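Numbering (the numbering used here), first residue to last: 376 to 1366. To keep things clear, I will list the structure first and then write my remarks on it.
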Amino acid sequence: MIRRIARDSLFALLVLAAVFIREANAISQELPSQYVRERWGDDGGLHGEVYSITQTGDGYLWIGTEKGLFRFDGSKFFPMTAQGPAAVPIIQVPGLLVDGQGNLVVRLPERNLLRYANGAFENTLSSLQPRELAITAMAQANDRALLVSGLSNGTLRYSGGRFETLVPVTALPASPIISLAQSTDGRIWMGTRDAGLFYAEQGRVTRVTKGLPGRRINSLLAVGTDVWIGTDAGVARWNGTEVTADGVPLLLRRSPALAMMRDRHSNLWIGATSGLLRMNPQGVASLQGRESNAGAPVNAVFEDREGNLWSGGPWGIERLSDGGFTTYGRPEGFPSDRNGAIFADSEGRTWFAPIDGGLYWLKEGQRERVTEAGLGSDIVYSIGGGKDGLWVGRQRGGLTHLYSQGGKLTAENFTQAQGLAQNSVYSIYQSRDGTVWAGTLSRGVSKLQGGRITTYSAADGLASNTVNSILESSDGTMWFATPDGLRSLSNGRWRKYNVRDGLPSDAVTCLSEDSRGVLWIGTSGGLAFFSGGVIQTPRRTSELLHGQIFGVVEDRTGWLWVVTSEQVVHVNRDRLLLGALTDGDLREYGVDDGLRSVEGIRRDRSVVVDPQGRIWISMTNGLSVTDPAQLADRTVPAIVHILSISADSRPIDVHSASKVPSPPGRLTFVYSGLSLRNPDRVRFRYQLDGYDRRWSEVTAAHEATYTNIGPGSYRFRVIASNADGVWNPEETVVGLEIAPFFWQTWWFRLSVVSTFGLGMLALYRLRLHQVRTHLNRIFEERLAERTQIAQELHDTLLQGFLSASMQLHVVADRLPEDSPAKQPLSGVLELMRRVIDEGRNTVRGMRSSPDAARDLQQAFSRIRDELDLPDDVGFRVIVGGQARPLHPILRDEVYRIGREALVNAVQHSGAKNIEVELEYKHKELRLLVRDSGSGIDPQVMRSRREGHSGLEGMRERAERIGGRLHVYSSATAGTEVELTVPSRVALNPDR
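Here's what the structure looks like:
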C-alpha cells in the first residue's frame, strides 16, 4: 500500500514548502521542539516496515511489521511467535487492535485473525462459517467490541467469542473494505480500496461519492458524528450531512493520508506519504517529522497511555513525547541559541537578551527586536521593570529605561555622565516605591530616586563593588548579592552576612523571595535561605543543590525551580525547608524533557515566572519554557512486571505458585517498570517479606539478588516510579516457597532434639544410678558398721548392764525393807532399766525392720512424752502421701534433725503449738517442724553460728544425706524448719 502511493510524496512536499514560506514570519505558539523524539529501526532490534501499533493494558507496546510481530518494553524489542492452539507463523502483521477485554487482536493476511490472551494465541476465525478467505480491515466499535470486514462474510461484530453479521457480503461493493469506523450516531463507515466510501445504518448500506478527494479510502476516524476521511488524494471531512473540505487545512487537503488518530488534547495526527502531520484544535496544520523524515511515509500513528505519540513506517518506529519544555533557538528562527537575561512583564511579553548581544521580546508567537538607544548592538546584562516600563542594564551603554509613549517604544539612557556609578550595569531591580537600583560590575550600586542618583560602594557598606543580584524583601529590606558575601540595607543601616553566618560560600550569585517570605540565596557552593533572621542551609538535601546556583524562582504550586551550572531542578519547597526531602520531592530535568542543554547561564534573572505561571529558563542552548501545571498532570505510574526468578541460575516459573526444591545459594528476581516515555528514569523499590525488614533503597537496577535464603514462605514485592518520580501505589507481588534440605525439615530437627533429649535422659539416669549406687554403698557400709556396733553393744555393754542389773536385783531383794540402802538401790535399778531400754532402742534403730517407714511417725509421736511437754502445749504429727520405706541411716538422720528442731522449739521458743509434718512426695521427702513461738534471734540467723539452737549441726546433717535445710523465723509467726531430701536418696530400693 505504501509503495503504491509513494509517488505523491513529492507533490505533498511542494505543498508543505508553500505553506511554510507563507508563515515564516510568525513563531508558532506550539513549537515542534516541545516534542522529544527517539527512533528505532533495524539497528535497534525492530525489523521490517511498520504497518500497525497498539498497546495492551499491561503497558507493552505491540508493533506489527512486514517481518512479524514485536513487543516493546521501552528499551528492547521482543519478536513474538504464535504458541498455543493457533500455532501459525506470524510473518506479516497489517493490523493490530485491543478488544473490549483488553486482549491483543492480530490481523494476518488471508485466513487468520489471532487473539492473544493468557500468553497464548488463538484463531478467532476457526468457528466462522463460511470459512473466511481474508480479513481486510478491523476497528473498535463504540461499545469496544471488534468490527471486522472480510471477503467471505462481509462486515461483522465480534464480542464474547461470537461473530454477528452487520452487513452481508452481498450488500457490499466488489472492492475490498480496507478501513472501518463507527460514529456516535451508530453508523458503520466502510472505506474501500477503489470504490469510495460507504456507511451502514439500520441494515441499509449507503454510498457516499460527492466531495471525496479520492476513491481509495486508506483510513477513517470518527469524532462524534463527524468522520475524517483519509484518501490517496488528501483528507476530507464528513460533517454529519456531507463530505466537505471546510475545516480541513490546505496542508491536509493535498496530503495523501495513510493513518489517522486524535490525541487526548484534541490534536489530529495524520500519517501521510510525506511524513507525520498534525492539526491542532485551532485548525492549524504542521509537519512534525525530522528533516531526515521528509518524504518518508507514515503508515501508523498511535497514542499510548502516557500521552506519547508513536508513528511507524518503512524507516522503523518513532516516539514523540511531550517533554514538558518548549525550547526556542536558531531552529525556530531565533537569533542565537545562547541566551542571557530574561524578564516577564505584566503585559504577557517575555524579554530576552542573547548572550552575544541584542534585546528581544516574545508574545503570543510573535517576536520583535528592540533597537532603540543602540540596544541592538550592545550586550544586555540584566532586565527589570515595573509599572513605569522596562529597565535594561547594559555592558557599555549604562542603564536604559524603555516605556511606551503614544503607542511607540521610547528609550531614556542613564550613564556615568548623568551620575551613574559605571556604564557596565550587571543587575537591575525596581523596588515597590519606584526606586531603581543598578548594580555595576566594579563600582558598586546606584540608586535612582526622584531624579537623583546616589551611589553606594564597599566604602559605604557593600561587601564588594561587584553586584550580582538585587532584591527587595517583603519587609522593605534591600538585599545585595556580591562575590564577597551578602549585604542588607534597612532603615539606612547595613548588615553583612558571609560563611560564618551560615552561607555555603561568600560568592553569592542570585536572590529570590518566595510567597512565604523566605529569602532564597544562591551561591557558588549551593543553596541557602534566610528566615527568622538566620541564614540556614537545607538539611539532608540532594547533591544537586550543592553546586553553583544561577537562578531560583517559586512557581504557583509552591515548588522551587533551581537552575545550576549543570542541572535544572524542581524541588518541593516545604519539604526542603523541613530537611525531609523524599524521592518524589525532587525532579531533575534534562534533554529528554525538551531541554537542549542542562547548563544554566550566569546572569541576573536567568529563570523567571510569567503572569500565566509559566517558567522561563535561559540556558546555554536555547530559551526554554514550561508550564508546571501541565507537568503536575503527568502522573501515569509505571507498570511493574516480574519477568523471571532464578535459583542458582535455575529458572523458576513466575506465573504459578513458585517452589524451590531446596534453599539456593543465590536467588535472583528480574523485573521491569513499563514507562515508555522515559524508561531510563524508572526507579524501583523492593522487599522480600520473610527476609527484609523494610523496603530497599531506590534503585535503577532491574534485578534483586539474595544469598543464603533459608527455607520458608516468602513474598517478593516491587514498586516503581515513572520519570517524574510518581510511584505506583499498586505493588507487584510473587509468592515463593523454598523447601528445606532434609536436615532443615521439622521431622529431622525433631528427631535430633528427641535423640539429644533421650541421650541426656539416659546420661541423667546413668548418673542417677551412679549416685544412688554410691549412696547405697555408703549406707550399706554404715548399716553394716551399725549392725556390728549394735551386735557388739548387745553382746557386751547391754549384756553387762543386764548382768549388773540382775545382780543388783538379787542384792536389793536380800536387803530388808527398812534398810536405808533399799531406796537408793531401787533408784539405781530404775536408771539402769531406762539405760538398758534406750540401748535396746538404739540397737533396734541400727537394724532395718519392716516397720521402718512408720518408725519416724512413731518416734516423733513419742517425743512429747520424752520431753515432758505441758498439757497446754499443742503437739501433733501429720503424715502426707503414701509412706514408703527409707534408708535406715537416712531415717535416723532425719529423725535426729527433727528431734533437734523440736527440742529447740520446746526449750527456747515458748510455743503453744508445735507441729511435725512428714510428706512423702514423688520427688522428695519433706519434713517440716513448725512452732508458734518467739522465733530465733536474727543475729543467730545472720551469723549462722551454732548457739543454743544447734542450727549448724542440723545443716551439716542435712548436707551429709544430700538434703536441703531451710529455716524461716519471725518474732510474730514463730519458726519453721524445713528439710527436703530427694526421693532417689531417701527411699530404700530394697523395700
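Every residue gets a Cβ at the ideal spot worked out from N, C-alpha and C, and that includes glycine. All figures in this text were calculated on a predicted structure; none of them were measured in a lab.
- For A1098 and R1052, believed in contact at Cβ under 8 Å, the rounded distance: In the sequence shown, residue 1052 corresponds to position 677, counting from 1. In the sequence shown, residue 1098 corresponds to position 723, counting from 1. Correct: roughly 6 Å between the Cβ atoms.
- So what does DSSP say about P1012, is it helix, strand or coil? Looking up residue 1012 in the sequence shown gives position 637. Of the three classes helix, strand and coil, the one that applies to P1012 here is coil, per DSSP.
- Task: Could you tell me if V1108 is buried or exposed, where buried requires 16 or more neighbouring beta carbons within 10 angstroms of its beta carbon?
- Result: Working through the sequence shown from its first residue, we reach residue 1108 at position 733. Exposed, since its Cβ has fewer than 16 Cβ neighbours within 10 Å.
- For the beta strand (DSSP E) that contains G1420, what are its first and last residues? Absent from the structure is residue 1420, since the part of the chain shown begins at 376 and ends at 1366.
- Which of the three DSSP states, helix, strand or coil, is assigned to K442? The sequence position of residue 442 within the sequence shown is 67, counting from 1. It is coil, neither helix nor strand.
- Query: What does DSSP give as the partner residues of W726 in its beta bridges?
  - Reply: For this step, residue 726 is matched to residue 351 along the sequence shown. Its beta-bridge partners are F718, W736.
- Task: Please state whether DSSP places S1178 in a helix, a strand or coil.
- Result: The residue given as residue 1178 occupies position 803 in the sequence shown. DSSP places S1178 in helix when its eight states are reduced to three.
- Counting pairs of Cβ atoms below 8 Å between the region 591–609 and the region 546–560, do you hit three or more? yes
- Item | Span of the beta strand (DSSP E) around R1092 | Position 717 of the sequence shown, counting from 1, holds the residue named residue 1092. Where R1092 is concerned, the enclosing beta strand (DSSP E) stretches over 1087–1096.
- Use the C-beta contact count for A512: other C-beta atoms within 10 angstroms, 16 or more gives buried, fewer gives exposed. Your numbering for residue 512 matches position 137 in the sequence shown. Result: buried.
- Task: Would you give the residue range spanned by the beta strand (DSSP E) that Y426 belongs to?
- Result: Within the sequence shown, the letter at position 51 stands for residue 426. Counting along the chain, the beta strand (DSSP E) containing Y426 begins and ends at 425–430.
- Beta-carbon spacing of A570, P548 below 7 Å: Residue numbering aside, residue 570 sits at position 195 when the sequence shown is read from its first letter. Residue numbering aside, residue 548 sits at position 173 when the sequence shown is read from its first letter. A contact, by the Cβ cut-off of 7 Å.
- Expressed to the nearest angstrom, what Euclidean distance is found between the alpha-carbon atoms of G1285 and G1202? The residue labelled residue 1285 in the question sits at position 910 within the sequence shown. The residue labelled residue 1202 in the question sits at position 827 within the sequence shown. About 32 Å.
- Burial state of W1122 (16 or more Cβ within 10 Å): Residue numbering aside, residue 1122 sits at position 747 when the sequence shown is read from its first letter. W1122 comes out exposed.
- What first and last residue would you give for the alpha helix (DSSP H) that runs through P1263? Sequence index remark: in the sequence shown, residue 1263 carries index 888 (1-based). Segment 1263–1279, the alpha helix (DSSP H) holding P1263.
- DSSP three-state assignment for S501, whether helix, strand or coil: Sequence index remark: in the sequence shown, residue 501 carries index 126 (1-based). Three-state DSSP puts S501 in a helix.
- List the DSSP bridge partners of G470. Here residue 470 refers to the residue found at position 95 of the sequence shown. G470 pairs with R482.
- Message: Using only CA atoms, which one of R1058, A856, A647 lies nearest to N674?
- Response: Taking the sequence shown and counting its residues from 1, the one referred to as residue 674 is at position 299. Ranking the options by Cα distance to N674, first place goes to A647.
- Reference S832; option with closest CA among G420, V820, Q824, A509: Here residue 832 corresponds to residue number 457 of the sequence shown, with the count starting at 1. Nearest C-alpha to S832: V820.
- Message: Along the chain, where does the alpha helix (DSSP H) containing E1334 start, and where does it finish?
- Response: Start at 1 with the first residue of the sequence shown, and residue 1334 comes out as number 959. 1326–1335 is the span of the alpha helix (DSSP H), which, as asked, contains E1334.
- Message: By the DSSP assignment, the beta strand (DSSP E) with D1246 in it spans what residues?
- Response: Locating residue 1246 in the sequence shown gives position 871, where the first residue counts as 1. It is not in any beta strand (DSSP E) - D1246 carries neither H nor E in the DSSP assignment.
- Message: In whole angstroms, give me the CA-to-CA distance for A401 and F709.
- Response: In the sequence shown, the residue the question calls residue 401 occupies position 26. In the sequence shown, the residue the question calls residue 709 occupies position 334. Because the pLDDT at A401 is just 37, under 50, the model does not fix this residue reliably, and the point stays unresolved.
- Message: Is it buried or exposed, P588, if we count other Cβ atoms within 10 angstroms and call 16 or more buried?
- Response: Taking the first residue of the sequence shown as 1, we reach residue 588 at position 213. When all chains shown are included, P588 counts as buried.
- Item | Contacts around V893, its chain only, beta-carbon distance under 6 Å, and the 5 residues preceding and following it disregarded | On the sequence shown, position 518 is the one that residue 893 refers to. Cβ neighbours of V893 beyond the five flanking positions: F904, S906.
- Would you call Y703 buried or exposed, if buried means 16 or more other Cβ atoms sit within 10 Å of its Cβ? By one-based count along the sequence shown, residue 703 stands at place 328. With 16 or more Cβ atoms within 10 Å of its Cβ, Y703 is classed as buried.
- According to DSSP, is P1260 helix, strand or coil? Along the sequence shown, one-based indexing puts residue 1260 at 885. It is coil, neither helix nor strand.
- Beta-carbon gap between Q793 and T810 smaller than 7 Å: By one-based count along the sequence shown, residue 793 stands at place 418. By one-based count along the sequence shown, residue 810 stands at place 435. Not a contact, by the Cβ cut-off of 7 Å.
- Using CA coordinates, which residue listed in I552, L1190, L500 is at the minimum distance from E539? In the sequence shown, counting from the first residue as 1, residue 539 sits at position 164. When only C-alpha atoms are compared, the closest one is L500.
- Message: By the DSSP assignment, the alpha helix (DSSP H) with S1358 in it spans what residues?
- Response: If you number the sequence shown from 1, residue 1358 lands on position 983. Note, S1358: alpha helix (DSSP H), 1358–1361.
- Task: Evaluate G867 with the Cβ neighbour count: other Cβ atoms within 10 Å of its Cβ, from every protein chain shown; 16 or more gives buried, anything less gives exposed.
- Result: Working through the sequence shown from its first residue, we reach residue 867 at position 492. Exposed, since its Cβ has fewer than 16 Cβ neighbours within 10 Å.
- Message: For the alpha helix (DSSP H) containing R989, name the first residue and the last one.
- Response: In the sequence shown, counting from the first residue as 1, residue 989 sits at position 614. That residue, R989, is in no alpha helix (DSSP H); it is neither H nor E in DSSP.
- Message: Under DSSP, the beta strand (DSSP E) around R950 begins and ends at which residues?
- Response: Walking along the sequence shown from the start, residue 950 turns up at place 575. Premise fails: R950 lies in the alpha helix (DSSP H), 948–953, not in any beta strand (DSSP E).
- Task: Just the C-alpha distance for L526 and V542, rounded to the nearest angstrom, thanks.
- Result: Translated into the one-based positions of the sequence shown, residue 526 becomes position 151. Translated into the one-based positions of the sequence shown, residue 542 becomes position 167. When rounded, the distance between both Cα atoms is 12 Å.
- For W1070, does the count of other Cβ atoms within 10 angstroms reach 16, so buried, or fall short, so exposed? Against the sequence shown, residue 1070 aligns to sequence position 695. Exposed is the call here.
- Please state whether DSSP places R590 in a helix, a strand or coil. Position 215 of the sequence shown, counting from 1, holds the residue named residue 590. Three-state result, R590: coil.
- So, are the CB atoms of V480 and V468 less than 7 Å apart? Within the sequence shown, the letter at position 105 stands for residue 480. Within the sequence shown, the letter at position 93 stands for residue 468. No, they are not a contact pair.
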